[in-house]
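If you count the sequence shown from 1, you need to add 13 to reach our numbering.
Below is one structure; the comments refer to it alone.
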Amino acid sequence: MSKKHTFQTEINQLLDLMIHSLYSHKEIFLRELISNASDALDKLNYLTLTDEKLKDLNFDPRIELSFDEKKKTLSIEDNGIGMNEKELTDNLGTIAKSGTKSFLSSLSGDKKKDSALIGQFGVGFYSAFMVADKVIVQSKKAGEDKAYAWVSDGKGEYEISVCKKDTQGTQITLYLKEEDANFASKWEIENIVKKYSEHIPFPIYLNYTQTNFEGEGEDKKEIKEDKKDRINTAKAIWKVSKNDLKDDDYKEFYKSFAHDNSEPMKWIHTKVEGTLEYSTLFFIPQVAPFDLYRVDYKSGVKLYVKRVFITDDDKELLPQYLRFIKGVIDSEDLPLNVSREILQQNKILANIRSASTKKILGEIQNITQDKEAYEKFYTQFGKVLKEGLYGDYENKDKILELLRFHTSTQKDMISLKEYKEKMPKDQKSIYYMIGENLDLLRASPILEKYTQKGYEVLLMADEVDGFVIPGIGEYDKTALKDANASQTLEELGAEKINEETRKSFENLIKSFKEVLGEEVKDITLSNSLNSPVALVGEEQNPMMANLMAQMGQNLPPQKKTMELNIHHPILEKLKDNSDKELLANTAHLLYDSAKLLESGSIQNAKDFANRLNDIILKTL
Ligand code: ADP
Ligand code: MG
């Protein structure tokens, strides 16, 4: 008796893609199926050491590949954890994770790029349908009696029935498409395994038939012999001494480990012996993973204890701002049956985590010596590193050294160190401005005050800046200050405005205050502006307000002080004018245009346009 099931809609979409669109790198289907077999072995390996019921299992973990050239079949078999009936439907028919959906929405249409995404999104199993028009999965869950067969041609439905299978584990048989029959060959399989699965930490065997000839001429006889070759070295590469590894070993391991077709940007291999004993192997990818900024991102680090895989979904193995790192932590000191919940409070792990973080930050610092390489790194990972400023107090200084900023005067991004080296003698603090985007920041009238004194201002327009930068406090004993805050502006020590000038503006300030009323905190005079007016305030942060607004929350509007430029012709002329309507319109227009410069938008654009029209009409 077999039961028919239909695939979930998204799976159908996915299968459709696998079958009809993704042609490049077809061979990765084997990498994906071997990787699943390896995961299944990892899981059972762990259970045989920790689960009473499975402790007596005679477990000799292995992956076996076999093929039939005539029938055009290829099979991948493991003796791992296996799946029962429910798991077959759950894992190979529905989407448990958000993986498939995000995979579908990330597709670019570029077939080469798209097929590179398959492994990263956890939809590896379905890649079997790139090369096969029928797939049979026979599986028996460890510790259970019944075995089940899952059969599908990838077209909307699959069937599950009871089948016969003696040992626990999973056997997947692919009925290859005519044009993909080449995968049923010894040479092809060996090559793919060498390329993608050499460092899978379990032995992979290839079964094949060898034809020998005996005798000569008329007597020549064909003798077939069944053979089984081990085709990978199955070393846990992170345990191998650095001296015995070549660059290519690391690169190949990375590709299969991270399901990434491109090479890593850098690797960091560490072996620690002493009070604690552990090995780590970390990789920095060339390109940021697709889910870097998603709440449900997948951790890139796997935890092993004495080479036994423990978990790959612990997001605390490294600090979150290093979540782009892929790799392995293997400890000799942790107990094997350490519960996953307890890991987070574990002292040994905290120790490894702290040392690893320092090591990684140090290696990133090394990349800075090569300007071009660091630029590549920084475009991918600079933003996420900044998050460490509020999360990782211990390494704040190290992270600060790694950051690069745009500035008011230079084309290239610079480090805080470079900023300090160029500071004029009389400059007391490091100045920064946070805003919506660089263009708006560059146009800000506030900058003028700094430029006039020969001071550089760091310009910041990343979403995280508003949260992390004000908290920095100081760098190398120099305070970091918001260039826009009134205390900072006081520090610049603008020249005093004499009493006579002050008096001459009194009336204008009064009528402006009447018009703008609640909108401004105060109206004052300035002699260090180029533009007619500027808005200055305390720790104001337009981006924070924007972010809150996006989350549906409103910050109470922060009031600013409006500064009037006493040397600007508009204000010089206006101060002796008594046309009430003109004064009112101009007050609004000046205020609104200052707001526009600051945040790129104003609240009532219609009023703004009307007032502008009025004034234009008057001058015509
Ligand atoms: P991923 O490996 O990223 O989870 P896949 O599409 O490759 O995604 O596999 C889906 C799921 O099917 C796996 O998570 C696993 O639960 C199950 N699975 C696939 N192959 C095997 C296997 N050989 N043994 C046991 N379970 C398997
Ligand atoms: Mg997989």
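Where is the CB? At the ideal position from N, CA and C, for every residue including glycine.
A quick note: this is a predicted structure, and the numbers were derived from the prediction, not measured.
- Approximately 5 Å separates the beta-carbon atoms of Lys396 and Asp475; this is inside 8 Å, confirming the contact.
- Counting only unbroken stretches of 3 or more residues, the beta strand (DSSP E) elements lying wholly within the region 24-89 are 76-81, in sequence order.
- Contact between the region 434-441 and the region 404-419 is absent: fewer than 3 CB-CB pairs across the two stretches fall below 8 Å.
- Between Ser140 and Phe42, the CB-CB gap stays under 9 Å.
- Approximately 7 Å separates the beta-carbon atoms of Lys264 and Pro277; this is inside 8 Å, confirming the contact.
- The residues Ser312, in chain order, have a CB closer than 7 Å to that of Asp326 in the same chain once the five nearest residues on each side in sequence are set aside.
- In this structure, Val546 keeps its C-beta atom at 9 Å or more from the C-beta atom of Asn497.
- When beta bridges are read from the DSSP output, Ile297 appears opposite Lys279.
- For Ile629, the uninterrupted alpha helix (DSSP H) segment begins and ends at Ala618 to Thr632.
- When C-alpha distances from Arg75 are compared across Glu503, Arg243 and Arg515, the shortest belongs to Arg243.
- Residue environment: Asp55 is assigned as buried (16 or more neighbouring CB atoms within 10 Å of its CB, all protein chains considered).
- Placement of the Cβ of Gly137 at a distance of less than 8 Å from at least one heavy atom of the ligand MG is found.
- Going by DSSP, Lys494 is part of no alpha helix (DSSP H) but of the beta strand (DSSP E) stretching over Thr491 to Asp495.
- In its chain, beyond the 5 residues on either side, Ser174 and Val175 have a beta carbon closer than 8 Å to the beta carbon of Met14.
- Pairwise C-beta distances place the region 66-86 in contact with the region 213-232, as three or more of them are shorter than 8 Å.
- Checking the DSSP bridge columns, you'll see Asn225 partnered with Ile236.
- Taking C-beta atoms as the reference points, Ile628 and Leu577 fail to come closer than 9 Å.
- The beta carbon of Val528 sits closer than 8 Å to the beta carbons of Leu596, Ala597, Ala600 and His601 from its chain, once the five residues preceding and following it are set aside; these are given in chain order.
- Here Asp478 is near Lys399, since their CB atoms are less than 9 Å apart.
- Just so you know, the alpha carbons of Leu356 and Val321 end up roughly 15 Å apart.
- Contact between Leu493 and Ile443 holds: CB atoms are separated by about 5 Å, below the 8 Å threshold.
- Under the 8 Å Cβ criterion, the region 90-100 does not count as touching the region 200-207, having fewer than three qualifying pairs.
- Bounds of the beta strand (DSSP E) holding Gly182 are Gly182 to Leu189.
- In this structure, Ile217 has its CB at a distance of at least 8 Å from all heavy atoms of the ligand ADP.
- Beta-bridge partners assigned by DSSP to Thr19: Glu170.
- By the CB criterion at 9 Å, Tyr171 and Leu87 fall outside the cutoff.
- Between the region 141-149 and the region 186-201, the count of C-beta pairs closer than 8 Å reaches three or more; the two stretches touch.
- Within the same chain, Cβ atoms closer than 8 Å to the Cβ of Asn245 are found at Val206, Lys207, Ser210, Glu211, His212, Ile213, Pro216 and Ile217, the five residues on either side in sequence being excluded.
- With a beta-carbon spacing of about 13 Å, Phe20 and Leu30 fall beyond the 8 Å limit used to define contacts.
- Assignment of Ser152 by DSSP, reduced to helix, strand and coil, places it in the strand class.
- Annotation for Val470: Thr420, Ser421, Tyr444, Tyr445, Met446, Leu460, Tyr463 and Ala496 place their beta carbon closer than 7 Å to its own, counting only its chain and skipping 5 residues before and after.
- For Tyr488, the CB contacts under 7 Å within the same chain, skipping 5 residues up- and downstream, are Leu413, Leu429 and Ile443 in chain order.
- Comparing alpha-carbon positions, the option among Lys631, Ser614 and Ala607 lying closest to Asp592 turns out to be Lys631.
- DSSP places Leu538 in the strand class (E or B) of the three-state scheme.
- Sorting Gln382, His581 and Glu611 by C-alpha distance to the C-alpha of Thr514 places His581 at the top.
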